[in-house]
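Asks: Chains as they are written, first to last, in the numbering used here: chain W, 5 to 259; chain G, 5 to 259. Just so it is clear, CB atoms sit at the ideal spot from N, CA and C, and this is done for glycine as well.
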C-alpha cells in the first residue's frame with residue numbers, strides 16, 4: 005500500500021449509523037424477508053417510505069404473499085441496496101433492518117400514510133384499498149455493509165438518532181463535475197491535506213457531507229485518501245461551497 | 005381502452021417460466037432471505053451463479069450472518085429484480101425462488117463452482133477460502149411478477165425446463181435503436197399485424213425473442229400492442245434479422 009509522505013489532516017467520515025440512514029433515505033424500494041405459514045423465509049420486492057426516526061413504512065396487500073405473511077407473523081427484515089455500479093455486484097452499499105411490522109395508530113398512522121405516499125407517489129391510486137395494510141417496521145437490528153471491508157452493526161438507538169446525509173442526492177453529479185473540470189483542485193487536495201506530497205494525479209471517488217474520497221496516483225504507486233471539509237454540509241446544496249473552501253485551503257498549504 | 009380496428013395477428017409472448025429464467029440468467033446478484041437462530045427472517049445481498057437447470061449457486065461465508073443461517077437451516081429464498089427504471093419502483097420485473105440450499109457433491113460441485121465464478125469473476129480470489137461454502141438452491145417454489153398485473157406462479161419443473169431468452173442482453177439497445185431510427189417500421193407494424201389501421205405513431209417498449217411490445221397512438225387514443233416474429237430468435241444476435249423480417253411483412257400487409 006502506498007502511504008502518504010506527510011501525516012494527513014484528520015478527516016471525518018460518516019458513522020455506520022449515518023451510512024444506514026442515508027441509504028434508507030435515498031431509496032424507495034427494497035427487499036422484504038417475511039415468514040410463510042411453514043416458517044420458511046420468503047423474499048419479495050416492496051416500496052417503502054421512511055418516518056423521521058428512520059423506521060420504514062410498508063404498504064402491502066393480503067392479495068400478495070408478503071401481506072398474508074405479515075398478518076400472520078410480524079417478524080420482517082428489509083434490505084435496501086445501492087444499485088450495483090461496477091463489475092463486482094457485492095462492492096456496493098446495503099443495509100438490513102430487522103424487526104417487527106406494526107400497524108400504526110392515531111397520529112402515527114397519518115404520518116406513516118404521508119411518508120409512504122411521499123416515497124411511492126403512484127400508490128395514491130390504491131393507498132386506501134381494503135386489502136392493503138400500512139405497517140411501520142420497528143427496527144430492532146441494523147446491519148450495514150458499505151462494500152468490501154466496510155461494514156458494521158448499528159444499535160437501533162444510534163440508527164434512530166443519526167441524520168441522513170443531506171448532500172446524498174447531489175454527490176454523484178458533484179463527483180462527476182470535480183473529475184471532469186477540477187483535476188487541479190483534486191491534485192492540490194491530494195498533495196496538501198491528504199499528505200501525498202508527490203501526487204501526480206487524483207480522482208474523486210465519493211463525496212459526502214464531511215469530505216471527499218480520493219484515489220491518488222504517485223510515482224511510488226496509487227492509494228486511497230480522504231480529505232475533510234472545514235464544516236459538515238448542513239444543506240442539500242452544500243457540496244459546492246465546501247469543496248471551494250477545501251480547494252482554497254489545499255492550495256494555501258502548497259503555496 | 006383503445007382497441008385495434010382489425011383483428012391483430014396472433015403474437016407469442018414469453019411464458020412466466022421463461023420470464024423467470026430470463027431474469028435469473030440476466031443478473032448476478034439478488035436478495036437472500038434466510039432464518040436466524042430465532043427463526044426470524046433475515047435479508048442480505050448475495051452474488052449468485054446459475055446452473056443449466058436454473059438453480060442458483062450461492063457462495064457464502066460463515067463470517068456473514070446468512071452463511072451461519074444456511075449452515076443451521078437450509079431453507080432460503082432468493083429474489084432477483086430488474087433495476088427499477090421509471091418513477092414507480094414496483095413496476096418492474098422480479099422473481100422469488102424458494103427452496104433449500106444444498107452443498108453439491110462430485111461433478112455438480114465442480115459445475116457449481118464454475119457457474120459461480122462465471123457470474124462473480126472477482127470471487128476467484130477467495131472462492132476456495134475455508135470459511136466459504138458453495139450451495140445450490142434447490143428450487144421448490146417460483147413466483148414471478150412482471151410489473152402491475154403481470155404475475156404468475158411457475159412449477160419447479162416448468163422453471164427448470166424453460167430456456168432463458170437468448171436476446172435479453174441486447175433487447176434494451178435494440179429498442180432504443182428502433183425508436184431512434186425506425187419510427188416508420190414501428191408504425192407499419194402497428195398499422196399492419198397489430199391491427200391499428202389508423203395508427204399515427206408507435207414506439208417500441210420491449211423486445212424479446214418472440215416479438216415486440218409497442219405503444220400505439222391513434223386519433224381515437226393510444227394503446228399497447230404486441231407484434232410477433234415469424235420465428236423465435238435462437239441466438240443472442242437474432243433481434244436484427246427478426247425485426248427486419250417483421251418490418252418487411254408489415255409493409256407487405258399495407259401495400
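1. Compute the distance between the beta-carbons of residue 80 of chain W and residue 105 of chain W, then report whether it is under 8 Å.
2. What residue does the alpha helix (DSSP H) around residue 156 of chain G start on, and which one ends it?
3. Looking at the unbroken alpha helix (DSSP H) that takes in residue 181 of chain W, where does it start and where does it end?
4. Residues of chain W with CB closer than 9 Å to the CB of residue 51 of chain G, please, in chain order.
5. Hey, residue 3 of chain G and residue 228 of chain G are a contact pair by Cβ (cut 8 Å); roughly how many whole angstroms apart?
6. Go ahead and label residue 335 of chain G buried or exposed: buried means 16 or more other beta carbons lie within 10 angstroms of its beta carbon, across all protein chains shown.
7. Can residue 35 of chain G and residue 201 of chain G be called in contact, C-beta distance under 8 Å?
8. Are any of the Cβ atoms in chain W nearer than 8 Å to that of residue 219 of chain G?
9. Which residue wins for smallest C-alpha separation from residue 107 of chain G, given the options G/181, G/257 and G/116?
10. Does the distance from the CB of residue 127 of chain W to the CB of residue 120 of chain W come in under 8 Å?
11. Any beta-carbon of chain W closer than 8 Å to the one on residue 147 of chain G?
12. According to DSSP, is residue 3 of chain G part of a helix, a strand, or is it coil?
13. At a Cβ threshold of 8 Å, is residue 69 of chain G touching chain W?
14. For the beta strand (DSSP E) that residue 106 of chain W lies in, which residues bound it at each end?
15. Under the assumption that residue 75 of chain W contacts residue 86 of chain W (Cβ atoms under 8 Å), give the Cβ distance between them as a whole number of angstroms.
16. Between which residues of its own chain and residue 172 of chain G is the CB-CB distance below 6 Å, once the five residues before and five after are set aside?
17. Among the residues of its own chain, which have a CB less than 6 Å from the CB of residue 62 of chain G, if the five just before and after it don't count?
18. Please decide whether residue 83 of chain G counts as near chain W, where near means a Cβ-Cβ distance under 8 Å.
19. Residue 136 of chain W lies in the beta strand (DSSP E); which residues open and close that run?
20. Does DSSP put residue 57 of chain W in a helix, in a strand, or in coil?
21. Strictly under 8 Å for the Cβ-Cβ distance: is residue 98 of chain G near chain W by that measure?
22. When Cβ atoms are compared, which residues of the segment 119-138 of chain W fall closer than 9 Å to chain G?
23. Assuming contact is defined by CB atoms lying nearer than 8 Å, are residue 103 of chain W and residue 147 of chain W in contact in what I supplied?
24. Is there at least one Cβ from chain W nearer than 8 Å to residue 156 of chain G's Cβ?
25. Would you mind giving the Cβ-Cβ distance between residue 17 of chain G and residue 137 of chain G, rounded to the nearest angstrom? I have them listed as a contact below 8 Å.
26. Below 7 Å CB to CB, which residues in the same chain sit around residue 150 of chain G once its five sequence neighbours on both sides are set aside?
27. Restricting to Cα atoms, I'd like to know which of W/253, W/59, W/194 and W/93 is closest to residue 112 of chain W.
28. What residues in the segment 30-49 of chain W have a beta carbon less than 9 Å from any beta carbon of chain G?
29. Which residue or residues does DSSP assign as beta-bridge partners of residue 228 of chain W?
30. By the DSSP assignment, the alpha helix (DSSP H) with residue 251 of chain G in it spans what residues?
31. Determine, using beta-carbon pairs with one atom in the segment 240-252 of chain W and one in the segment 178-194 of chain W, whether at least three such pairs fall under 8 Å.
32. Using a Cβ-Cβ distance cut-off of 8 Å, determine whether residue 79 of chain G contacts chain W.
33. Cα-Cα, which of W/54, W/214, W/133 and W/256 is closest to residue 143 of chain W?
Replies: If we stick to the structure as given:
1. Result yes, Cβ atoms of residue 80 of chain W and residue 105 of chain W sit closer than 8 Å.
2. Residue 156 of chain G: not part of any alpha helix (DSSP H); member of the beta strand (DSSP E) spanning 154-158, first to last residue.
3. For residue 181 of chain W, the uninterrupted alpha helix (DSSP H) segment begins and ends at 172-185.
4. For residue 51 of chain G, the chain W residues whose Cβ falls inside 9 Å of its Cβ are 92, 93 and 94, in order along the chain.
5. The shown model of chain G, from 5 to 259, leaves out residue 3 of chain G, and the question about it has no answer.
6. Residue 335 of chain G is absent from the model: chain G starts at 5 and stops at 259.
7. Taking 8 Å as the Cβ cut-off, residue 35 of chain G and residue 201 of chain G do not qualify as a contacting pair.
8. Taking a beta-carbon distance threshold of 8 Å, residue 219 of chain G does not count as an interface residue toward chain W.
9. Looking at the Cα atoms, G/116 is the closest of the given residues.
10. Taking C-beta atoms as the reference points, residue 127 of chain W and residue 120 of chain W count as a pair closer than 8 Å.
11. Yes, its Cβ sits closer than 8 Å to a Cβ of chain W.
12. Lying before the first or after the last residue shown, residue 3 of chain G is absent from chain G, which here runs from 5 to 259.
13. Residue contact check for residue 69 of chain G against chain W: a CB pair falls below 8 Å.
14. Here the beta strand (DSSP E) through residue 106 of chain W covers 98-106.
15. Residue 86 of chain W and residue 75 of chain W do not touch by the CB rule: their CB atoms are close to 31 Å apart, not below 8 Å.
16. Setting aside the 5 residues that flank it on each side, residue 172 of chain G is surrounded in the same chain by 26 and 30, each with a C-beta closer than 6 Å to its C-beta; the list follows chain order.
17. Contacts found: 50, 52 and 139.
18. Yes, contact with chain W.
19. Taken as a continuous stretch (DSSP letters only), the beta strand (DSSP E) holding residue 136 of chain W covers 136-151.
20. Look at residue 57 of chain W here: in three-state DSSP terms it is coil, with no helix or strand label.
21. Yes, contact with chain W.
22. Flagged, chain order: 123, 124, 125, 126 and 127.
23. Remark: C-beta atoms of residue 103 of chain W and residue 147 of chain W do not approach each other more closely than 8 Å.
24. Not flagged as an interface residue toward chain W: residue 156 of chain G, since no C-beta distance is shorter than 8 Å.
25. Between residue 137 of chain G and residue 17 of chain G the Cβ distance is about 39 Å, and since that is not below 8 Å, they are no contact.
26. Closer than 7 Å at the Cβ level, and outside the excluded window around residue 150 of chain G, lie 23 and 97.
27. Considering only alpha carbons, the answer is W/59.
28. For the segment 30-49 of chain W, which is checked against every Cβ of chain G, the residues closer than 9 Å are 31, 32, 33, 34, 35, 36, 37, 38, 39, 40, 42, 43, 44, 45, 46, 47, 48 and 49.
29. The partner list for residue 228 of chain W (beta bridge, DSSP) reads W/219.
30. In the DSSP assignment, residue 251 of chain G falls within the alpha helix (DSSP H) that extends over 243-258.
31. Yes: the two stretches touch, three or more of their Cβ pairs being nearer than 8 Å.
32. Yes - at least one Cβ of chain W is within 8 Å of the one on residue 79 of chain G.
33. Closest by alpha carbon: W/54.
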